[in-house]
Amino acid sequence: MELRHLRYFSAVADALHFGRAARRLHVSQPTLSHQIHQLEEEVGTPLFERARTGVRLTQAGELFRTYASRALEDVNAGLSAVGALRGLATGALRVGYPPSMRGLVVPALTAVLRRHPGLALSAQEAVVRKLERQLADGKLDVGLGYAPARLADLDAEPVFDSRLALVVARGHALAGAKSVGGKLLAEEPFALLSRGLRVRARVDAHFAAMRFAPRIALESNAVATVLAIVRAGLAVTVLPEPRLADAERLVVKRLSPAPRSELAALLWRKGAPRTPAAELFAAEVRARAKEDVG
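Spelled out as structure tokens, the structure:
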């Protein structure tokens, strides 16, 4: 018995007509009849009852159809899996993420590329609002943002609690504090992300709840710029953790009172197929987020 015997049998069982099944299979009707005859000889019993108006399955044919269908489904699933593996060798991956999550995303992308160097990676760093629109428009395969997503045609898969933390330079006077409240921050200059960014809105809301007005020395839409000023000891900042980008020579401290956390999430387009590369990237993000939280 060969795979084509199962395919030919399935086609006739669906059409209940040799002529229509032969046309669907792009073979001649005598060839199809011969193949079915070979299959019936191997099974040891007729699978179809022939008549002038068509054919119908015998009791044995009905029983065999269940197993033949299952076998074909398994073969097709195997072919799809192999095709997906080939796709990881030559496919593409388009990822979008906010700057505050760069420290989580870059290691995940690095791990994916090491395993599959043939992949063409595209990494878009932008505000979450823009990333959501690009994902909804099909310009990205997967994104990082927050749950719930703003757009109804996106699904948000939570991966970790994103909590704000104070970031200071190593050697700063606050680096040894267990937690830091408004009194200790009163005289500190701040480098903050620009207004209009989601992280800045969270920071402002937390300071407002504390009834604390920070002395702002610098505002920038780039996390790297903010952290460079902090690293130089010229200011402190508040950013989400875990995995702050460019965390070298920096110390992360808890804020008191503790800020409200948000759910950082993988963002997917509803109903759209997920590419193997996107699924692999998502698995790397989940694993690294779990390591951070744990």
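Going by the numbering used here, the residue at position 255 of the sequence shown is 255; the numbering climbs one at a time, nothing skipped. Ideal Cβ positions, reconstructed from N, Cα and C, are used throughout, including at glycine.
Straight through space, the alpha carbons of ALA149 and PHE207 are spaced by roughly 24 Å. ARG249 sits in coil when the DSSP states are folded into three classes, being neither helix nor strand. Comparing C-alpha distances from LYS253 to each of THR66, GLY103 and LEU164 shows the shortest one belongs to LEU164. No residue range can be given for ARG170, since it is assigned to no beta strand (DSSP E) and is classified by DSSP as neither H nor E. Judged by their CB atoms, ARG249 and ALA169 are nearer to each other than the 8 Å cut-off.
Shown here for LEU6: same chain residues with a beta carbon closer than 7 Å to its own, the five before and five after excluded, namely ALA68, ALA71 and LEU72 in chain order. Contact annotation: ALA272 and TYR146 have beta-carbon atoms that are not nearer than 8 Å. When SER256, ARG52 and ARG260 are compared, the shortest CA-CA separation from ARG202 is found for ARG260.
Taken through DSSP and simplified to helix, strand or coil, ASP14 comes out as helix. Within its own chain, the residues whose Cβ lies closer than 7 Å to the Cβ of ALA235, once the five positions on either side in sequence are excluded, are PRO189, PHE190, ALA191, ALA217, LEU218 and ILE229, listed in chain order. Proximity of the stretch 9–21 to the stretch 45–58 meets the contact definition, three or more beta-carbon pairs being nearer than 8 Å. Cβ neighbours of VAL112 within its own chain (closer than 8 Å, five residues either side excluded): LEU93, LEU119, LEU121, ALA277, LEU280, PHE281 and GLU284. Given a length threshold of 4 residues, each whole run of the alpha helix (DSSP H) inside the stretch 115–142 is given here in chain order: 128–136. Within the model, the alpha-carbon separation for LYS183 versus ASP161 is close to 26 Å. LEU140 and SER256 have their C-alpha atoms some 38 Å from each other.
The continuous stretches of beta strand (DSSP E) do not include GLY182, which lies in the alpha helix (DSSP H) extending over residues 182–185.
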